[in-house]
Every structure is written in C-alpha cells, then in structure tokens.
Amino acid sequence: MPVDIAHRFRPFGSSIFAEMTALAVRHQAVNLSQGFPDFDGPQSAKEAAARAMFEGHNQYARMIGVPPLNKAIAGSWASCGRGEIDPDANVTVTNGCSEAIPAAILGLLNPGDEIVVFEPFFDFYVTAIAMAGAVPKFVTLRPPADGLGAWWFDPAELRAAIGPRTRAIIVNTPHNPTGKVYTRGELEFIAGECIRHGLVAITDEVYEHLTFEPELPHISLATLPGMWERTMTLSSLGKTFSLTGWKIGWAVAAEPLSRVVRAAHQYLTFCAATPLQHGAAAVLAAPGDYAAGLRRLFIENRDALSAALTRAGLRVFPSHSTYFVMADHTPLRYADDRAFCYHLTERVGVAAIPPSVFYGTPGLGRDLVRFAFCKKRETIAEAIRRLDSLGPA
Ligand SMILES: Cc1ncc(COP(=O)(O)O)c(C=O)c1O
79 MPVDIAHRFR PFGSSIFAEM TALAVRHQAV NLSQGFPDFD GPQSAKEAAA
129 RAMFEGHNQY ARMIGVPPLN KAIAGSWASC GRGEIDPDAN VTVTNGCSEA
179 IPAAILGLLN PGDEIVVFEP FFDFYVTAIA MAGAVPKFVT LRPPADGLGA
229 WWFDPAELRA AIGPRTRAII VNTPHNPTGK VYTRGELEFI AGECIRHGLV
279 AITDEVYEHL TFEPELPHIS LATLPGMWER TMTLSSLGKT FSLTGWKIGW
329 AVAAEPLSRV VRAAHQYLTF CAATPLQHGA AAVLAAPGDY AAGLRRLFIE
379 NRDALSAALT RAGLRVFPSH STYFVMADHT PLRYADDRAF CYHLTERVGV
429 AAIPPSVFYG TPGLGRDLVR FAFCKKRETI AEAIRRLDSL GPA
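Under our numbering, the first residue of the sequence shown is numbered 79, with each subsequent residue one higher.
Written out as structure tokens, the structure is:
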C-alpha cells in the first residue's frame with residue numbers, strides 16, 4: 079500500500095548524513111562526512127556506565143535526569159565561570175542535543191511563530207521548526223572575503239529578519255559547519271536584539287570545549303547581561319568525550335524556560351538511558367584532561383587536512399573550532415557541491431558533506447564542501463594520501 083510521508087517532512091528527504099555515510103561504506107571511502115570519531119571515549123565513562131548497569135540502574139530515570147548527572151552538569155557549568163545554577167530547577171537531561179533541539183522548539187513555538195536561524199545551520203533546527211509549524215527566517219553567515227578571517231554576518235540582515243511574529247533566535251556557537259566561534263561583539267549585538275524585541279535565545283553549544291584559538295574563546299550567550307532569563311543553552315556529552323552514540327544531552331535554563339523544555343521532553347522521550355546517564359555523570363564530574371588531548375589531535379588534523387585540500391586546489395576557509403572545515407571547491411570546476419562530493423567519494427575514496435542542505439536560501443552552499451577531522455591521525459593521513467588523485471572535473 080503506498081503511504082505518503084506527512085507534508086511537514088516532505089521538503090527534507092532523507093538525512094544527508096545517512097546518505098553520505100552509506101555511500102562511503104559502499105565505496106570503502108575514508109569517511110570524513112558524518113561527524114563522529116573513529117576512536118572511543120574515556121575508559122572511566124564506560125566503566126561507570128557498565129557498573130551502573132550491573133548495580134541495577136536499568137529502569138526509567140527521573141524525567142529531568144538522574145540526580146548525579148544534573149549535579150555534574152551544574153558543576154561543569156559553574157567550573158567554566160558561568161555561575162552557580164540549581165541542578166534540578168535549571169538542568170534537563172535529554173537524548174542528546176538532538177532531542178534538546180526539538181524539545182526547546184516544540185515547547186516554545188506555536189504554529190505561525192517566526193524564529194531567526196543563521197545559515198548554514200545544523201539541519202535539526204529547520205526540521206524541528208517544521209514540526210512545530212513555525213517559520214524560519216534566515217540570516218546568512220558569509221565566508222571571510224580574504225579567505226583568512228572569520229565567517230561573519232551583516233547586522234542589518236539580522237535586524238531585517240526580526241518582525242512582529244518573531245519569538246526566538248537560534249545561535250550555534252562554536253558553529254557547525256564553519257568552525258566559527260561567535261565573538262563577544264557579535265553575541266552582544268544578538269543579545270541587544272533579543273532584549274529589544276523580547277525574544278528567547280536558543281543556543282546550541284555542543285562544541286563548547288572544542289575551540290582552537292586562545293583569542294577566540296567560547297562565550298555562552300546566557301552569561302551576557304540580561305540573557306540568563308531568556309536563554310536556553312543546549313549541549314551534550316558526545317563531542318567533548320567522543321561518545322556520540324550515547325546520546326546524552328541537556329538544556330540549561332532559568333526555571334520558566336526549563337518548564338518549556340520539559341513540557342515537550344516528557345512526551346518526546348520522557349528520559350534518557352539510565353546507565354548511560356550515570357556514566358555521563360562520572361566523566362563530567364572528573365573529566366581530567368580528555369578535552370585538551372582531543373583539541374591537540376584535532377588541531378593537528380585540521381592543519382594537515384587543510385594543507386592537503388589547498389594542495390589539491392580547493393580554497394580552504396580557516397576553522398577555529400568544532401571538528402569541521404569548509405572549503406570552496408569551485409577552482410576544480412565541478413557542477414555543484416553534490417557532484418563534487420559524489421566524485422570525491424566514488425572516485426577518490428574520501429567522503430565529505432555537500433553543504434547546500436545546510437542553507438534555507440536556494441542556491442547557497444553549492445560552491446562549498448564540508449570535511450570532518452574528528453578521526454585518528456592515520457585516518458586523516460590515508461585521506462590525505464587519496465586526495466593526491468583529486469583533479470579538476
Ligand atoms: C551543531 C550540532 N548540534 C547538535 C548536534 C547533535 O548532538 P547530539 O549528538 O548530542 O545529539 C550536533 C551533532 O552533529 C551538532 O553538530
């Protein structure tokens with residue numbers, strides 16, 4: 079029996095991550111498309127999760143998170159100089175940031191409400207906005223004109239995107255896919271607009287510990303004056319501790335906004351996996367220098383891969399954070415980003431993501447390609463070796 083997918087999902091098709099990873103497997107390509115590490119997270123986290131399972135922590139968890147995890151998240155928030163928060167009133171544990179995003183958006187927005195989204199975006203934002211029946215208004219992040227600086231936005235474009243129906247703005251810093259870290263000046267401008275127009279800010283900070291330049295530190299929008307009571311800060315364990323498959327995430331917010339997130343979370347999944355929450359609590363409470371080691375590896379990978387892509391003829395933009403780098407493939411004269419990524423995967427043996435799916439404005443992103451460098455050194459070395467055979471179309 080033919081069955082139609084509901085209208086709200088029709089524009090999105092199947093996820094580009096699943097598509098490119100399947101293509102990579104089919105062609106035995108080095109998979110630099112989907113952003114997951116090809117190595118494991120800390121032993122301490124795995125042992126704590128296994129112990130929790132054997133100690134009988136296997137039933138539904140508390141809806142807002144198991145108490146030690148809420149406490150560890152609050153501790154981690156405070157240890158980054160963001161102030162003391164209440165683990166129960168201000169922290170909600172979710173199934174990855176992937177659930178925190180729809181929980182925040184579905185809990186907050188009514189059909190017809192507008193929300194400002196910077197493009198390129200993490201695609202979950204627009205699908206969650208579609209589920210809510212709300213309307214995204216896009217503001218474009220532009221690549222550095224000289225190829226050397228940072229991605230930027232035009233403040234006038236942001237002002238113009240805000241109208242009488244705007245309820246919220248979503249900011250992702252550090253930013254996937256560009257590796258941009260929003261500066262204090264940019265965040266102050268965004269905060270000013272939120273306060274002037276009474277908007278809620280949803281900030282996705284899953285790469286908060288993966289910044290590479292001392293002069294570009296991560297700043298949480300919620301810490302700016304007047305922003306705590308109007309910001310939902312979303313993050314997760316996966317990127318910082320190479321545990322993307324655990325899907326442990328959270329939302330930090332003032333009590334009224336925590337109620338908004340929980341209104342949806344309790345009916346989306348109710349709770350995240352109990353033993354994994356205990357594992358997450360253990361590693362967050364005693365993170366050691368895991369993130370520092372990860373940053374060192376990723377900086378080396380970024381530099382080696384960026385140099386190889388430049389040698390291959392691409393125009394590589396600097397990545398200041400996350401584990402992604404964007405490049406302009408047009409010097410090689412392929413038809414568009416999909417044609418380039420398919421050629422690269424099928425013929426060169428390196429998989430990457432065509433970023434046009436991360437834009438709401440038609441036509442944007444066709445010149446670009448995104449590579450993930452959250453891999454072992456030897457994986458990146460093999461990708462670099464294969465890139466030698468990349469030539470013009
Ligand atoms: C910007 C951004 N937000 C959210 C997520 C999802 O996070 P999680 O794996 O915790 O669900 C990702 C993962 O790729 C991401 O890049």
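Ideal Cβ placement from N, Cα and C applies to all residues, glycine included.
Here the structure is a predicted model, which is why all the values come from computation and not from measurement.
Subject >> Pairwise C-alpha distance: R237 and F117 >> reply: Taking the straight line from one Cα to the other gives about 43 Å.
Subject >> Enclosing alpha helix (DSSP H) for P165 [first to last residue] >> reply: 165 to 168
**OP:** Tell me the start and end of each unbroken beta strand (DSSP E) in the segment 173 to 235 that is at least 3 residues and wholly inside, in chain order.
**Re:** Counting only runs of at least 3 residues, the segment 173 to 235 fully encloses the following beta strand (DSSP E) elements, listed from N- to C-terminal order: 192 to 197, 213 to 218.
Original post:
Does the beta-carbon distance from L465 to A405 come in below 8 Å?
Top reply: no
Original post:
Which class does S467 belong to by DSSP, given the choice of helix, strand or coil?
Top reply: coil
Subject >> Beta-carbon gap between D201 and V435 smaller than 8 Å >> reply: yes
Subject >> Nearest-angstrom Cα separation, counted from G316 out to A364 >> reply: 16 Å
**OP:** Consult DSSP for S399 and reduce its assignment to one of helix, strand or coil.
**Re:** In this structure, S399 counts as strand in the three-state DSSP scheme.
**OP:** Return the Cβ separation of A126 and G357 in integer angstroms, given the expectation that the two are a contact with Cβ distance under 8 Å.
**Re:** With a contact defined as Cβ atoms closer than 8 Å, A126 and G357 qualify at about 4 Å.
Original post:
Helix, strand or coil for D381 per DSSP?
Top reply: helix
**OP:** Report yes if the C-beta distance between L226 and P396 is below 8 Å; otherwise report no.
**Re:** yes
Original post:
So who's on the other strand from S314, going by DSSP bridges?
Top reply: G327
Original post:
Is it buried or exposed for T439, if we count other Cβ within 10 angstroms and need 16 for buried?
Top reply: Taking a 10 Å sphere around the C-beta of T439, we find fewer than 16 other C-beta atoms and assign the residue as exposed.
Subject >> Opening and closing residue of the beta strand (DSSP E) in which L446 lies >> reply: First-last of the beta strand (DSSP E) with L446: 446 to 450.
Original post:
Is I297 near S314, with beta carbons less than 8 Å apart?
Top reply: no
Original post:
Do A107 and T423 come within 8 Å of each other at the CB atom, strictly closer than that value?
Top reply: yes
Original post:
Is any beta-carbon of chain E found at less than 8 Å from that of V435?
Top reply: No chain E is part of this structure, which consists of one protein chain only.
**OP:** Along the beta strand (DSSP E) that carries T347, what are the first and last residues, could you check?
**Re:** T347 -> no beta strand (DSSP E), and no H or E assigned at all.
Original post:
Quick one: is the Cβ of V249 within less than 7 Å of any heavy atom of ligand 1?
Top reply: no
Original post:
Going by DSSP, which residues form a beta bridge with T309?
Top reply: A279
Original post:
Just reading off the alpha helix (DSSP H) that A156 is part of, what are its end residues?
Top reply: 145 to 157
Original post:
Within the present structure, is the beta-carbon of K325 separated from the nearest heavy atom of ligand 1 by less than 7 Å?
Top reply: yes
**OP:** Measure the beta-carbon distance from S122 to G257 and round it to whole angstroms, keeping in mind my assumption that it falls under 8 Å.
**Re:** Cβ-Cβ separation between S122 and G257: approximately 29 Å, too far for a contact (criterion under 8 Å).
Subject >> Residue closest to G174, alpha-carbon to alpha-carbon, out of Y345, A351, R140 >> reply: A351
Subject >> Cut-off 7 Å between Cβ atoms - residues of its own chain near T457, not counting five sequence neighbours on either side >> reply: V108, D116
Original post:
Tell me, which residues are paired with M404 by DSSP?
Top reply: Per DSSP, R448.
Subject >> Cβ-Cβ distance between P433 and R448 below 8 Å >> reply: yes
**OP:** Could you tell me how far apart the beta carbons of D282 and R245 are, in whole angstroms, since I believe they sit closer than 8 Å?
**Re:** Taking the Cβ atoms as the reference, D282 lies roughly 17 Å from R245, outside the contact range of under 8 Å.
Subject >> Cut-off 7 Å between Cβ atoms - residues of its own chain near A386, not counting five sequence neighbours on either side >> reply: I462, L465
**OP:** Classify R160 as helix, strand or coil using the three-state DSSP reduction.
**Re:** coil
Original post:
Looking at the unbroken alpha helix (DSSP H) that takes in I94, where does it start and where does it end?
Top reply: According to the DSSP assignment, I94 belongs to the alpha helix (DSSP H) that extends over 94 to 104.
Original post:
For ligand 1, any of its heavy atoms closer than 7 Å to the Cβ of G174?
Top reply: yes
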